[in-house]
Every structure is written in structure tokens, then in C-alpha cells.
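Remarks on the structure that follows.
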Amino acid sequence: FGDLVTCHWWSDTWLNEGFANYFQDYIVAQIDSTLGSGDILVTGSVYSAYSADETPSAVPISNENVNSPSEISNHFGTISYQKAGSVIRMMHHLLGNTAFANGLNS
């Protein structure tokens, strides 16, 4: 993701950043589950995403009206990283390992 696989436009930045955010903890958990990186993801990313999302200045996770450099830069932050990673985590848990992996590979 990111440099090799990327989205068509800045409005979908959350996909690139969310997958990077999610997989950094997921992969560590797969390598050594005793480190508790899954717990770190929940306490760090999920809770900070909830907190950022409830503010009056919160931006949508995806917004088609991204046309200027300042609008692009507004898409990088807690919402595009932590909330996006949290949404991807939810999808993974909802779908299960097999369906999630199949979706990523197709």
C-alpha cells in the first residue's frame, strides 16, 4: 500500500493510511502475540479515533470535495490514520481472516 498500490484521488487517503496503521500492529501481533500490540491498537488508535471524531472540527473519513492543497492536507491526521485503521480492524474482525485476506487479494 502507499507507494506501490495507491488510490485514485486524495479523498481516499484513508485507505492507504488506514491499512498501514492497522497492519503495523497486526503484523507485530502475528510475530509475537506476547507483546500485546493488538491491545495497543485498541487503546491507542481506536480511542483516539473516537475522541477526534466527536469534535466539531472532525472531517469525514472520505470526502469527494478535495480540490486544493489545504483540503488535501486536512485529510492527514487522526481520522485518516487512527480512525481508518480502526475501521479496517472492524472489517477484519467482522469478515474473519479468510474473507478479509480474499478481499485484499482480489
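Basically my numbering = 1-based index in the sequence shown + 7.
No residue lacks a Cβ here, since even glycine has one placed at the ideal position from N, Cα and C.
Check: So ILE47 packs on ASP32, CB below 8 Å; how close in whole Å?
Finding: In the sequence shown, residue 47 corresponds to position 40, counting from 1. In the sequence shown, residue 32 corresponds to position 25, counting from 1. Contact holds; Cβ gap of about 6 Å.
Notebook entry, point to check: Using the rule of at least 16 other Cβ atoms within 10 Å of the residue's Cβ for burial, across every protein chain shown, is ASP39 buried or exposed?
Noted result: On the sequence shown, residue 39 is found 32 positions in, with the first residue counted as 1. Exposed is the call here.
Note to self: If you measure between the beta carbons of THR20 and HIS82, is that distance less than 8 Å?
What the structure shows: Within the sequence shown, the letter at position 13 stands for residue 20. Within the sequence shown, the letter at position 75 stands for residue 82. Note that the C-beta distance between THR20 and HIS82 is below 8 Å.
Check: Going by the CB atoms, is the gap between ALA65 and GLN89 shorter than 8 Å?
Finding: Translated into the one-based positions of the sequence shown, residue 89 becomes position 82. Translated into the one-based positions of the sequence shown, residue 65 becomes position 58. Not a contact, by the Cβ cut-off of 8 Å.
Next item on the list: Only counting runs of 4 or more residues, tell me where the alpha helix (DSSP H) segments fall wholly within the segment 31 to 80, in order along the chain.
Entry: Qualifying alpha helix (DSSP H) stretches, in chain order: 44 to 47, 54 to 60 and 76 to 80.
Margin query: Going by DSSP, what residue range makes up the alpha helix (DSSP H) through PRO95?
Written below: The residue labelled residue 95 in the question sits at position 88 within the sequence shown. Note that residue 95 is Ile in the sequence shown here, rather than Pro. Note, ILE95: alpha helix (DSSP H), 91 to 102.
Margin query: I'd like to check one pair, LEU102 with GLY110: are the Cβ atoms closer than 8 Å?
Written below: Locating residue 110 in the sequence shown gives position 103, counting from the first residue. Locating residue 102 in the sequence shown gives position 95, counting from the first residue. With contacts defined as CB atoms closer than 8 Å, GLY110 and LEU102 qualify as a contacting pair.
Check: What three-state label does DSSP hand TRP21 in the structure shown?
Finding: In the sequence shown, the residue the question calls residue 21 occupies position 14. The three-state secondary structure of TRP21, taken from DSSP, is helix.
Check: By how many angstroms is the C-alpha of ASN74 removed from the C-alpha of TRP17?
Finding: For the purposes of this step, residue 17 is taken as the residue at position 10 of the sequence shown. For the purposes of this step, residue 74 is taken as the residue at position 67 of the sequence shown. Taken atom to atom, the span from the alpha-carbon of TRP17 to that of ASN74 is near 9 Å.
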